[in-house]
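Structure, as structure tokens:
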Amino acid sequence: MPTTQQAAGGHIVIAGGGLVGASLALALLEGGARARGWRISLVEPHAPGEGFQPSFDARSSALSWGSRQTYQRLGLWTAIAAQAEPITRIHVGEQGRAAATRLSAEEEGVPALGYVVDNAWLGHCLWQRLRAAEGLTWYCPARVERVQAVPGGYHLTLDDGSPLDCDLLVLADGGRSDLRTQLGIHVRRTEYGQSALIANIGLGQPHGGEAFERFTRHGPMALLPLAGQRSALVWTRSPEEIARLQALPDAAFLAELQQTFGYRLGRLRRVGTRYSYPLALHEAEEQVRSHLVVLGNAAHGLHPIAGQGFNLSLRDVMALSETLLGSAAPLGELATLQRYLQRQRDDQALTIGFSDRVTRLFSNAHPLLACGRSLGLLALELCAPARQAFARQAMGLGTRR
Ligand SMILES: Cc1cc2nc3c(=O)[nH]c(=O)nc-3n(C[C@H](O)[C@H](O)[C@H](O)COP(=O)(O)OP(=O)(O)OC[C@H]3O[C@@H](n4cnc5c(N)ncnc54)[C@H](O)[C@@H]3O)c2cc1C
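Under our numbering, the first residue of the sequence shown carries the number 996, and numbering increases by one thereafter.
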């Protein structure tokens, strides 16, 4: 039986080189996969900068303080930070009501509560680093077409017909994972009956690092600070309303946004291309099998308003990489993969529950709930420990001991 120091060999294939798959490749390489004699292959149909790339599209992501620390440990933060805007304050409030709560980096004793980064930039930083990495084989552009469990691993067929065998297959192929479906892994899905409209907004005044989470009768909205006097808008409404907002001329769209959001960021001057995403909570009913892990959006997809989806997946990535590298068992052994899942179970349950409750509570127009919301926000404002617990969850530190 090999020890963790000995080279045990083995092949890991990561299907999907999006934010999650690429981060896992980096974590494994930085953690010492080569010293273990592992080969890592990354299969991805789209390269960033070559037209549309679904993971590195026009969205931006709020990275929590915890995610910053992770990328720092992986030696990537300096590159990411060149275009990351720090969030120094978060204002959580409700349209038309006075109650609000304010979280501040100063109060939490950190330089920033989080950072907003364009997904395209994050993808660029990850890929630049991985392009030069030894011990990683790229299959790009290539798609995993078929997956088949075989004794001791998985047999894959790529879209050009070539075969690929591995000891451990990681499905990081996104929320609509075809591969998960092929393997008969069911998904629990809760529709929110909402879509999100995403756009970058040019501001008439500096945002001062402040992020806004605003709850309206029709659904929550967030404006997150971006580099260059811009904020990233996430506006959730019914799918019909989102279609209407998307079709409005720029000036009419900005006027409606201004009316809903108010003037805390001064006059809203410009709007970039608008994109929309249907919103649902989904969770794969199985995340591990012998020689298989389902990761990232393929494992769980959250409402984006609390900015937790990718942050949670990055914590899964680190836990998986550390569990694999810390195990002396052959690659893909079920007990090791179950240990990984056990380690992340509380974090997943807490984060998914937090996002779901926030979404439901703040998307409901019932007057009693509206009153409860205001009281909740007021209580958060008045009670420092409650506010700190809320801030820790938002910073991605909630379950750390
Ligand atoms: C509107 C919106 C805003 C969000 N904002 C935030 C935020 O502020 N903070 C946060 O933490 N999270 C946020 N999220 C969540 C975050 O975007 C996701 O968690 C993240 O994109 C998941 O990445 P992924 O790599 O798992 O999946 P994806 O980004 O979907 O990537 C999957 C990859 O797999 C590839 N692929 C697909 N099929 C195959 C195949 N057969 N073979 C090989 N490769 C394949 C695709 O080309 C793609 O590159 C937001 C989500 C949305 C919708």
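Every residue gets a Cβ at the ideal spot worked out from N, C-alpha and C, and that includes glycine.
For clarity, every value in this text was computed on a predicted model and none was experimentally measured.
Rounded to a whole number of angstroms, what is the C-alpha to C-alpha distance between residue i and residue j?
i, j, result
"ARG1212", "VAL1145", "52 Å"
"ALA1167", "CYS1135", "15 Å"
"LEU1297", "VAL1353", "11 Å"
"ARG1310", "GLY1302", "14 Å"
"HIS1119", "ASP1113", "10 Å"
"LEU1069", "SER1055", "21 Å"
"HIS1086", "PRO1215", "13 Å"
"LEU1198", "PRO1220", "10 Å"
"ASP1245", "GLU1186", "29 Å"
"LEU1329", "ARG1124", "31 Å"
"GLN1333", "VAL1283", "7 Å"
"LEU1481", "ALA1294", "The displayed coordinates of the chain run from 996 to 1396. Any statement about residue 1481 would go beyond what the structure contains."
"LEU1014", "SER1036", "15 Å"
"VAL1312", "GLU1039", "18 Å"
"GLU1251", "TRP1122", "38 Å"
"GLU1236", "GLY1321", "50 Å"
"GLN1224", "LEU1153", "44 Å"
"ARG1175", "LEU1218", "34 Å"
"LEU1363", "GLY1088", "Any reading at LEU1363 must be qualified, since the residue scores a pLDDT of 49, below 50, and its modelled position is unreliable; the value itself is stated next. Answer to the nearest angstrom: the Cα atoms are 17 Å apart."
"CYS1161", "LEU1326", "10 Å"
"HIS1202", "SER1233", "28 Å"
"ALA1057", "SER1308", "13 Å"
"ALA1079", "GLU1208", "19 Å"
"ILE1075", "ARG1034", "26 Å"
"ILE1071", "GLY1061", "First, the residue type needs correcting, since residue 1071 is Leu and not Ile in the sequence shown. Cα to Cα, LEU1071 sits roughly 14 Å from GLY1061."
"ILE1009", "ARG1031", "17 Å"
"GLY1026", "TYR1335", "16 Å"
"ALA1206", "ALA1042", "31 Å"
What would DSSP say about residue i, mapped onto helix, strand or coil?
i, result
"ASP1113", "strand"
"ILE1347", "helix"
"ALA1107", "coil"
"GLN1200", "coil"
"GLY1011", "coil"
"PRO1234", "helix"
"HIS1119", "helix"
"ARG1124", "helix"
"ARG1259", "coil"
"SER1322", "coil"
"LEU1363", "Below a pLDDT of 50, predicted positions are generally treated as unreliable, and LEU1363, at 49, falls in that range; the measurement from the model is reported next regardless. Correct three-state label for LEU1363: helix."
"ILE1193", "strand"
"THR1132", "strand"
"ILE1075", "helix"
"THR1176", "helix"
"ARG1183", "strand"
"ARG1310", "helix"
"GLY1188", "strand"
"THR1394", "Note that THR1394 scores a pLDDT of 49, beneath 50, so its modelled location is shaky; the value from the coordinates is reported in the next line. It is coil, neither helix nor strand."
"LEU1329", "helix"
"ARG1265", "strand"
"GLU1025", "helix"
"ARG1284", "strand"
"ARG1054", "coil"
"ALA1242", "helix"
"ALA1137", "coil"
"LEU1164", "strand"
"GLU949", "Summary: the structure shown does not reach residue 949, with the chain confined to residues 996 through 1396, and so no result is reported for it."
"GLU1039", "coil"
Would you list the residues sitting across from residue i in a DSSP beta bridge?
i, result
"TRP1033", "GLY1005"
"GLU1089", "PHE1210"
"THR1096", "VAL1087"
"SER1157", "Looking at the DSSP assignment, SER1157 forms no beta bridge with any residue, so it has no partner."
"GLN1143", "HIS1150"
"GLY1296", "HIS1277"
"TYR1066", "Beta-bridge pairing links TYR1066 to no other residue."
"ARG1225", "GLY1197 and LEU1221"
"PRO1215", "PHE1210"
"GLY1080", "Per the sequence shown, residue 1080 should be read as Glu rather than Gly. Answer is VAL1111, bridged to GLU1080."
"SER1059", "GLY1109"
"GLU1102", "In DSSP, GLU1102 forms no bridge with anything."
Assuming residue i and residue j are in contact, meaning their beta carbons sit under 8 Å apart, how far apart are those beta carbons, in whole angstroms?
i, j, result
"VAL1266", "VAL1165", "About 38 Å; that fails the 8 Å criterion."
"ILE1196", "SER1226", "5 Å"
"GLY1169", "GLY1005", "Not a contact, Cβ separation roughly 25 Å."
"SER1316", "ALA1017", "Incorrect: roughly 13 Å between the Cβ atoms, too far for contact."
"PRO1106", "ALA1115", "No, PRO1106 and ALA1115 are not in contact; Cβ-Cβ is about 24 Å, not under 8 Å."
"GLN1339", "ALA1314", "5 Å"
"PHE1248", "LEU1240", "6 Å"
"ALA1191", "SER1285", "Contact doesn't hold; Cβ gap of about 37 Å is too wide."
"GLY1204", "THR1065", "The Cβ separation is near 21 Å, so there is no contact."
"ARG1029", "GLY1148", "Rounded, the Cβ-Cβ distance is 20 Å, inconsistent with contact."
"GLU1281", "ILE1180", "5 Å"
Between residue i and ligand 3, is the CB less than 7 Å from at least one heavy atom?
i, result
"VAL1139", "By its list of ligands, the structure shown excludes ligand 3, since it contains just ligand 1."
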